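What follows is one structure encoded as structure tokens, with my remarks underneath.
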Amino acid sequence: MALPWWRRGAIYQIYPRSFADADGDGIGDLRGIAAHLDHLEALGVEAVWLSPFYRSPMKDFGYDVADYTDVDPVFGTLADFDALVAEAHARGIRVIVDVVPNHSSDQHPWFVESRASRGNPKRDWYVWRDGREGGTEPPNGWRSAFPAVERAWSYNEATEQWWLHSFLPEQPDLNWDNPEVEAAIHDVLRFWLDRGVDGFRIDVTQKIAKDPAMRDDVPGEPARSEDWQPTIHERLRRLRAVADAYEGERILVGEVYLLDLERVVAYVNGGDELHLAHNFVFLQLDWDAAAFRASIDRWDELSSEAAWPAWFLSNHDHPRVASRFDEGTGLGEARARAVLLMLYALRGTPFVFQGEELGLPDAEIPDDRIVDVDGRDPERAPIPWAPPSDAGPGAGFTTGEPWLPITAEAERLNVAAQEADPASTLHLTRALARLRAAEPALQDGAQRTYDAGPDVLAWTRGDAFIALVNFAAESRPATLPGGGEVALSSDPKREVGPVGDTITLAPGEGLVLRRSC
Ligand code: NOJ
Numbered sequence: 256m257a258l259p260w261w262r263r264g265a266i267y268q269i270y271p272r273s274f275a276d277a278d279g280d281g282i283g284d285l286r287g288i289a290a291h292l293d294h295l296e297a298l299g300v301e302a303v304w305l306s307p308f309y310r311s312p313m314k315d316f317g318y319d320v321a322d323y324t325d326v327d328p329v330f331g332t333l334a335d336f337d338a339l340v341a342e343a344h345a346r347g348i349r350v351i352v353d354v355v356p357n358h359s360s361d362q363h364p365w366f367v368e369s370r371a372s373r374g375n376p377k378r379d380w381y382v383w384r385d386g387r388e389g390g391t392e393p394p395n396g397w398r399s400a401f402p403a404v405e406r407a408w409s410y411n412e413a414t415e416q417w418w419l420h421s422f423l424p425e426q427p428d429l430n431w432d433n434p435e436v437e438a439a440i441h442d443v444l445r446f447w448l449d450r451g452v453d454g455f456r457i458d459v460t461q462k463i464a465k466d467p468a469m470r471d472d473v474p475g476e477p478a479r480s481e482d483w484q485p486t487i488h489e490r491l492r493r494l495r496a497v498a499d500a501y502e503g504e505r506i507l508v509g510e511v512y513l514l515d516l517e518r519v520v521a522y523v524n525g526g527d528e529l530h531l532a533h534n535f536v537f538l539q540l541d542w543d544a545a546a547f548r549a550s551i552d553r554w555d556e557l558s559s560e561a562a563w564p565a566w567f568l569s570n571h572d573h574p575r576v577a578s579r580f581d582e583g584t585g586l587g588e589a590r591a592r593a594v595l596l597m598l599y600a601l602r603g604t605p606f607v608f609q610g611e612e613l614g615l616p617d618a619e620i621p622d623d624r625i626v627d628v629d630g631r632d633p634e635r636a637p638i639p640w641a642p643p644s645d646a647g648p649g650a651g652f653t654t655g656e657p658w659l660p661i662t663a664e665a666e667r668l669n670v671a672a673q674e675a676d677p678a679s680t681l682h683l684t685r686a687l688a689r690l691r692a693a694e695p696a697l698q699d700g701a702q703r704t705y706d707a708g709p710d711v712l713a714w715t716r717g718d719a720f721i722a723l724v725n726f727a728a729e730s731r732p733a734t735l736p737g738g739g740e741v742a743l744s745s746d747p748k749r750e751v752g753p754v755g756d757t758i759t760l761a762p763g764e765g766l767v768l769r770r771s772c
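If you're matching positions, the sequence shown starts at 256 in my numbering and goes up one per residue.
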């Protein structure tokens, strides 16, 4: 049976504000994405996931949705969206959109009504409670996921009740215990499915089921404000049924932000909930070969036949790999390349965040340019498409003033310069995609990690391939039983050709070898 499309190759995350700006206002837009489909096609991605482009006051840059079924004017129009989907599909690139079911914007008409009075028909669409201590204290001790926000409750003077917000006060939590809310979100999915999308990335999936009694957390026990076992899985099964009612394979990828692999795997093991769950346990690992091996093995131990991993090490909420794993070694870029190789060579779907194919570091954001409440501007800096010396200070991202500063390394780290350099990270990413596409063993071949020596992560794919990554800051020997031939290295200095049963890996090198036997 042919492998489902979402298992074959990479899914590429686009953060629309920072990808490409077609109208010169300094903010990326849908027409900007459409103008760069050549880049995505050359990368060989199976699909793109678009972070939110819906109408929004942008307090959380689109994760505060004021209209789930319209495009914010800053990003374009529904017609632009339809054109983008048609053009992407014509090139064989599928389109996944973000859905934000846990909360809306406080400007969403549902919340405007809900807030208006206790008797409003939409009152129960959000989570309103009386305060403690005669109303002056919040209903419980739940905290916002943004440390700067502190408590997850704000007080509405007019109706003398508190509303729950797991993020900003301007992002009130929807009440998923109300079936009307669930039905309304199902309709949102259908709206985009009808327009031809191939799936959804579901924001903070684990938060759409909470303890209805809203009890305080108990230290050492799982939080009660998320992943509520009696209800989460049935809600996911119903979301899955919405997607399954459509032709073709429309997928659900959950942001499942739980740092307990057992609980994450439960979202995919049944085969009737999420297709893929982003694994944040993996994202948060230290740069340590033994830790990576243990985590990869743990996933395999816990997962069922139906489950399929989603591997990623960066997104718009976390520092970029080249910065995070540099650790003062000067190897950040080499490690970013090795990470790309690892993501493509592991059994599972690689997720590539825009700019990782260039090995971008985080951008420096001066204090007077900070716009995010949670310190996430550096990884959201715009993509440099061309050297500033050719394209001006907007680096081909915009002809205007970019909404966030572009990386200081844009002169070297940009698409045009890397296009012209066969040794670039861009060419490495394309080569990884080509190799995986040509080799079924790298798609769904069995995987086994093995001990190749200290600081080396090593695994086999089927009988035909071995992959190795050197986590040390120095060269390291690695054993490869039976020897083989270099198929692809992340190190441009590596010579292709046959190797015996040990090989010396350069600092930060990743390697895929074709086995001799
Ligand atoms: C996760 C998103 O990735 C993040 O950017 C956002 O701030 C929160 N969810 C709230 O929607």
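Just so you know, even glycine gets a beta-carbon here, dropped at the ideal spot from N, CA and C.
Quick caveat, the model's predicted, so the values are computed rather than measured.
(request) Could you tell me if H344 is buried or exposed, where buried requires 16 or more neighbouring beta carbons within 10 angstroms of its beta carbon? (result) exposed
(message) Just to confirm, is the Cβ distance from I551 to Q416 under 9 angstroms?
(response) no
(message) Under 8 angstroms: does the beta carbon of A464 sit that close to some heavy atom of ligand 1?
(response) no
(message) Less than 9 angstroms between the beta carbons of L668 and P753, yes or no?
(response) no
(message) Is any non-hydrogen atom of ligand 1 found closer than 8 angstroms to the C-beta of H358, if you look at the structure I gave you?
(response) yes
(message) Check this for me: beta carbons of A468 and I487, under 9 angstroms apart or not?
(response) no
(message) With H, G and I counted as helix, E and B as strand and the rest as coil, what does DSSP make of S578?
(response) helix
(message) I need the DSSP call for Q539, collapsed to helix, strand or coil.
(response) coil
(request) Could you spell out where the beta strand (DSSP E) holding P467 opens and where it closes? (result) Segment: none, P467 is in no beta strand (DSSP E) and carries neither H nor E.
(request) Can you check DSSP and say which residues form a bridge with V508? (result) R456, L531
(message) If you reduce the DSSP assignment to three classes, tell me which class I348 lands in.
(response) coil
(message) Can you give me the C-alpha to C-alpha distance between R548 and L516, rounded to a whole angstrom?
(response) 14 angstroms
(request) May I have the straight-line CA-CA distance separating R406 from H420, to the nearest angstrom? (result) 9 angstroms
(message) Is Q426 near ligand 1 - that is, is its Cβ less than 8 angstroms away from at least one heavy atom of it?
(response) yes
(request) State buried or exposed for F606, treating a residue as buried only when at least 16 other CB atoms are found within 10 Å of its CB. (result) buried
(request) Tell me where the beta strand (DSSP E) around A722 begins and ends. (result) 720–725
(request) Could you tell me which of L659, L557, G738, E612 sits nearest to G755, measuring between CA atoms? (result) G738
(message) With a threshold of 8 angstroms (Cβ to nearest heavy atom), would V626 be considered close to ligand 1?
(response) no
(request) Determine the closest residue to S730 out of L760, W380, Y705, H571, with distance taken between C-alpha atoms. (result) L760
(message) Can you confirm whether the segment 621–637 touches the segment 699–718 when touching is taken to mean that 3 or more C-beta pairs between the two stretches lie within less than 8 angstroms?
(response) no
(message) In this structure, how does DSSP classify L760 when only helix, strand and coil are distinguished?
(response) strand
(message) Quick check on A413: buried or exposed, where buried means 16 or more other Cβ atoms within 10 Å of its Cβ?
(response) exposed
(message) With three or more beta-carbon pairs closer than 8 angstroms as the criterion, would you say the segment 390–406 touches the segment 359–371?
(response) no
(request) Look up D353 in the DSSP assignment and give the residues it is bridged to. (result) R456
(message) Could you tell me the alpha carbon to alpha carbon distance between V350 and G503, rounded to whole angstroms?
(response) 13 angstroms
(request) Leaving out five residues on either side along the sequence, give the residues of the same chain with a beta carbon under 8 angstroms from the beta carbon of F336. (result) L285, F308, V326, R450
(message) I'd like the span of the alpha helix (DSSP H) that includes W447, first residue to last.
(response) 434–449
(message) Is N570 near ligand 1 - that is, is its Cβ less than 8 angstroms away from at least one heavy atom of it?
(response) yes
(message) For the segment 386–398 against the segment 471–484, do three or more pairs of beta-carbon atoms, one drawn from each stretch, fall closer than 8 angstroms, so that the two count as touching?
(response) yes
(request) Within the same chain, show all residues whose beta-carbon is closer than 6 angstroms to that of D699, passing over the 5 residues directly before and after it, in chain order. (result) L258
(request) Please name the residue in F567, D453, Y318 whose C-alpha comes closest to that of L773. (result) This structure leaves residue 773 out entirely; the chain is present only between 256 and 772.
(message) Using 8 angstroms for Cβ pairs, my map puts E510 next to D458. What's the rounded Cβ distance?
(response) 6 angstroms
(request) Can you give me the start and stop residues for the alpha helix (DSSP H) that I620 sits inside? (result) Segment: none, I620 is in no alpha helix (DSSP H) and carries neither H nor E.
(message) Suppose you measure from the CA of A665 to the CA of E619; what does that come to, to the nearest Å?
(response) 12 angstroms
(request) Check A688 in the structure and name its three-state DSSP category. (result) helix
(message) Check whether the segment 656–663 and the segment 619–630 touch, using three or more Cβ-Cβ pairs below 8 angstroms as the test.
(response) yes
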